[in-house]
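Top line first, the protein sequences correspond to chains A and B.
Per the working numbering, residue 1 is the first one in the first sequence, and the count goes up by one each step.
Per the working numbering, residue 319 is the first one in the second sequence, and the count goes up by one each step.
All C-beta atoms in this analysis are idealised placements derived from N, C-alpha and C, irrespective of residue type, glycine included.
Remarks on the structure that follows.
2 protein chains.
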Amino acid sequence: MTSESGGTLREVGEFALIERITAADGLNETVLLGPGDDTALIRCAPGGVLVTCDVLVEGVHFRRDWSTPVDIGRRAAAASLADVAAMGGQPTSLVVGFGAPADLPAAWALACTAGLREELALVGAVLVGGDVVEAPQVVLSVTAMGSPAPSGPVLRSGAQPGDVVALAGRVGWAAAGLQLLSRGFRSPKVLVDAHRYPVPPYGAGPAAAEAGATAMIDVSDGLVADARHVAEASGVAIELDTSGWDIPEPMQAAAAAYNIDPHDWMLDGGDDHALLATFPASARLPEPFVAIGRVVAGDPEVRVDGTARSGGGHAHFR
Amino acid sequence: MTSESGGTLREVGEFALIERITAADGLNETVLLGPGDDTALIRCAPGGVLVTCDVLVEGVHFRRDWSTPVDIGRRAAAASLADVAAMGGQPTSLVVGFGAPADLPAAWALACTAGLREELALVGAVLVGGDVVEAPQVVLSVTAMGSPAPSGPVLRSGAQPGDVVALAGRVGWAAAGLQLLSRGFRSPKVLVDAHRYPVPPYGAGPAAAEAGATAMIDVSDGLVADARHVAEASGVAIELDTSGWDIPEPMQAAAAAYNIDPHDWMLDGGDDHALLATFPASARLPEPFVAIGRVVAGDPEVRVDGTARSGGGHAHFR
Numbered sequence: 001m002t003s004e005s006g007g008t009l010r011e012v013g014e015f016a017l018i019e020r021i022t023a024a025d026g027l028n029e030t031v032l033l034g035p036g037d038d039t040a041l042i043r044c045a046p047g048g049v050l051v052t053c054d055v056l057v058e059g060v061h062f063r064r065d066w067s068t069p070v071d072i073g074r075r076a077a078a079a080s081l082a083d084v085a086a087m088g089g090q091p092t093s094l095v096v097g098f099g100a101p102a103d104l105p106a107a108w109a110l111a112c113t114a115g116l117r118e119e120l121a122l123v124g125a126v127l128v129g130g131d132v133v134e135a136p137q138v139v140l141s142v143t144a145m146g147s148p149a150p151s152g153p154v155l156r157s158g159a160q161p162g163d164v165v166a167l168a169g170r171v172g173w174a175a176a177g178l179q180l181l182s183r184g185f186r187s188p189k190v191l192v193d194a195h196r197y198p199v200p201p202y203g204a205g206p207a208a209a210e211a212g213a214t215a216m217i218d219v220s221d222g223l224v225a226d227a228r229h230v231a232e233a234s235g236v237a238i239e240l241d242t243s244g245w246d247i248p249e250p251m252q253a254a255a256a257a258y259n260i261d262p263h264d265w266m267l268d269g270g271d272d273h274a275l276l277a278t279f280p281a282s283a284r285l286p287e288p289f290v291a292i293g294r295v296v297a298g299d300p301e302v303r304v305d306g307t308a309r310s311g312g313g314h315a316h317f318r
Numbered sequence: 319m320t321s322e323s324g325g326t327l328r329e330v331g332e333f334a335l336i337e338r339i340t341a342a343d344g345l346n347e348t349v350l351l352g353p354g355d356d357t358a359l360i361r362c363a364p365g366g367v368l369v370t371c372d373v374l375v376e377g378v379h380f381r382r383d384w385s386t387p388v389d390i391g392r393r394a395a396a397a398s399l400a401d402v403a404a405m406g407g408q409p410t411s412l413v414v415g416f417g418a419p420a421d422l423p424a425a426w427a428l429a430c431t432a433g434l435r436e437e438l439a440l441v442g443a444v445l446v447g448g449d450v451v452e453a454p455q456v457v458l459s460v461t462a463m464g465s466p467a468p469s470g471p472v473l474r475s476g477a478q479p480g481d482v483v484a485l486a487g488r489v490g491w492a493a494a495g496l497q498l499l500s501r502g503f504r505s506p507k508v509l510v511d512a513h514r515y516p517v518p519p520y521g522a523g524p525a526a527a528e529a530g531a532t533a534m535i536d537v538s539d540g541l542v543a544d545a546r547h548v549a550e551a552s553g554v555a556i557e558l559d560t561s562g563w564d565i566p567e568p569m570q571a572a573a574a575a576y577n578i579d580p581h582d583w584m585l586d587g588g589d590d591h592a593l594l595a596t597f598p599a600s601a602r603l604p605e606p607f608v609a610i611g612r613v614v615a616g617d618p619e620v621r622v623d624g625t626a627r628s629g630g631g632h633a634h635f636r
């Protein structure tokens, strides 16, 4: 055994690491049984429990020299919490599978789970269990659970011709940040930080459900790619209009420096975890949604400023 | 795109792979919304939902040249389903995080998820969602959910002095099989198969809860190591008596060939996912539990045939 902050996972050992990770656990009214037994036990809303899983792999999703362990924990939690929000739901709890090499500093693992908890605290959810295993690189598998909106989950399949398409949150920031890091730059910091961890508009999810959203999706692959998922699930076409878009100042500067059209970042960049939703034309858009297009009848596709846009967005194994 | 059975993950692509995996999905009465949206939605028992997570990593937990993809899928599902059974619960659903190299044959990935489903079918549970990502090696992260027994979850902490300690299922088989494989042997097949995937006594979990089990645990680290978890959580000592144990014939043969005491496999070998439970002395042990010891007052420890036994069992990062 080593001092509180020192030592590798090999020196600290699996069970002492789990003890340190779970020592910090808070509970909420949803948690009937937290870490320490073979399973956790969660109370459910009358509508059931939403559940979603995301895996982040070192070297694929993040690099330890580009992000802090807190950043990586926050990002891992955000990926799943944003999925719950995209159903109009309220996240309640999370389990984490944590894989890491034996020579990883235990302090890194503890900071990473502290990052998970920071993100969970933003939505009032808690860590209720998990698994710790050896792996050749850091792997974080997070499964988030949550309560659906009283009106039921908002699916991808409910968009109707005539609906307004609206966006809450940032798009293109994480992609711009990743491109900067890939070229060896660490600024503008606001963009680089956006790659390190997203800032999903969690509250916008339940607000959209309450405002009558007909469809919603977490923008994780890219705005056009995820709009296409809604179009395909709903059997409609989606028209986006970029003419009114403000290009954020740091993105303008970076795009100019690299001779890149910032619209490409905003249309195809993933990992920002904005929420894209459709609303009846009569609905009042809840904050911070802004209208960016409309739903029309037709073959499922996404048109940007009148032109069908194919491809784009992130897909694994390419 | 490639033919139905051919191609690597790179050739098939993330979204087509997900489509093929989820095409086979059955549903059960618990599943209000299955794969295809940002989250699944599960109906809950009045007592809430049990949730547990296990991660299996290629090269750490399994090798692709020692196990078939179906074996690995079965084993991954079993690890979490057995945790639900160990709470006295009934598994209902599972989400899977699947990481793999881009050059993995898509047929391997599909066979692995078929293995998950085979195991799920044993308990009437279904696959409701997941995530597919690129990773340097195959990683399976499974999160199982289930319904607690009507009498509530059976914890590790309820063992009382005077209770009978009972075991359902096999111990030592997977460890023996792993040792055989590590030395280059592939027989006795029944032991090697036990490493490839366990045969947890799922039904014994709810049966134990109904029979009044005071504590229960999934034997995944090793019989003594997991008995120690119960002893520590309950603040009691556990005495095991091996004098009446039958050593299974294939284990006798393998142990003799390698000059190993088969009791070491049975006491310290993990990954068989037996269930270890404690019952009031007055309880009638449900099938297939057999008494193997008793709970006594005293400092938390495990004594085997009268001698305290420390260490043993599997721990990561060693």
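Cutoff 7 Å: residue i Cβ touching any chain A Cβ
i, result
"B:SER321", "Its pLDDT being 48, under 50, B:SER321 is placed unreliably by the model, and the measurement read from it follows with that caveat. Chain A contact via Cβ: absent."
"B:ARG338", "no"
"B:SER459", "yes"
"B:ARG361", "yes"
"B:GLU332", "yes"
"B:ASP579", "no"
"B:ASP589", "no"
"B:VAL388", "no"
"B:THR596", "no"
"B:ARG627", "no"
"B:VAL369", "yes"
DSSP state of residue i mapped onto helix, strand, coil
i, result
"B:VAL553", "A quick correction: the sequence has Gly, not Val, at residue 553 of chain B. Of the three classes helix, strand and coil, the one that applies to B:GLY553 here is coil, per DSSP."
"B:SER321", "At B:SER321, the pLDDT of 48 sits below 50, so the modelled position is not reliable; the number obtained from the coordinates is stated separately. Residue state, collapsed to three classes: coil."
"A:ARG20", "helix"
"A:MET87", "coil"
"A:PRO262", "helix"
"A:CYS44", "coil"
"A:PRO69", "helix"
"A:THR52", "strand"
"A:THR113", "helix"
"B:LEU473", "coil"
"A:ALA176", "helix"
"A:VAL219", "strand"
"A:PRO150", "coil"
Residue range of the alpha helix (DSSP H) that includes residue i
i, result
"B:THR410", "Note, B:THR410: premise wrong, no alpha helix (DSSP H); beta strand (DSSP E) at 408 to 418."
"B:GLU452", "Careful: B:GLU452 lies outside any alpha helix (DSSP H), inside the beta strand (DSSP E) at 444 to 452."
"B:VAL508", "507 to 514"
"B:ALA522", "522 to 528"
"A:VAL12", "9 to 12"
Element boundaries [beta strand (DSSP E), containing residue i]
i, result
"B:ALA462", "457 to 465"
"A:ARG294", "290 to 296"
"B:VAL622", "619 to 622"
"A:THR278", "274 to 279"
"B:LEU351", "349 to 351"
"A:VAL164", "164 to 168"
Within chain A, the residues that residue i reaches when beta carbons sit closer than 8 Å
i, result
"B:GLU452", "VAL57, VAL60, HIS316 and PHE317"
"B:GLY366", "LEU32, LEU41, ILE42, ARG43 and CYS44"
Residue i: contacting residues in chain A (beta-carbon distance under 9 Å)
i, result
"B:ALA404", "ASP37, ASP38 and THR39"
"B:ARG328", "PHE317 and ARG318"
Chain B contact for residue i (CB, 7 Å cutoff)
i, result
"A:GLY299", "Per the sequence presented here, residue 299 of chain A reads as Asp, with Gly not at that position. No, A:ASP299 does not count as interfacial toward chain B."
"A:ASP83", "yes"
"A:ASP131", "yes"
"A:VAL138", "no"
"A:VAL302", "no"
"A:VAL199", "no"
"A:GLY306", "no"
Listed by chain order, chain A residues near residue i by CB distance under 7 Å
i, result
"B:ILE556", "Simply none; closest approach about 17 Å."
"B:VAL548", "Within 7 Å Cβ-Cβ: nothing; B:VAL548 doesn't reach chain A, min ~10 Å."
Within chain B, the residues that residue i reaches when beta carbons sit closer than 8 Å
i, result
"A:VAL128", "VAL369"
Relative to chain A, which residues along the region 420 to 444 of chain B have a C-beta separation below 7 Å, given in chain order?
Taking 7 Å as the cut-off between beta carbons, the residues of the region 420 to 444 of chain B near chain A are ALA420, in sequence order.
Tell me which residues of the region 146 to 157 of chain A have at least one Cβ-Cβ distance to chain B shorter than 7 Å, keeping chain order.
Of all residues in the region 146 to 157 of chain A, PRO148, PRO153, LEU155 and ARG156 have a Cβ within less than 7 Å of some Cβ in chain B.
Looking at chain A, which residues of the region 527 to 541 of chain B have a Cβ within less than 7 Å of any of its Cβ atoms?
Residues passing the 7 Å Cβ filter: ILE535 and ASP536.
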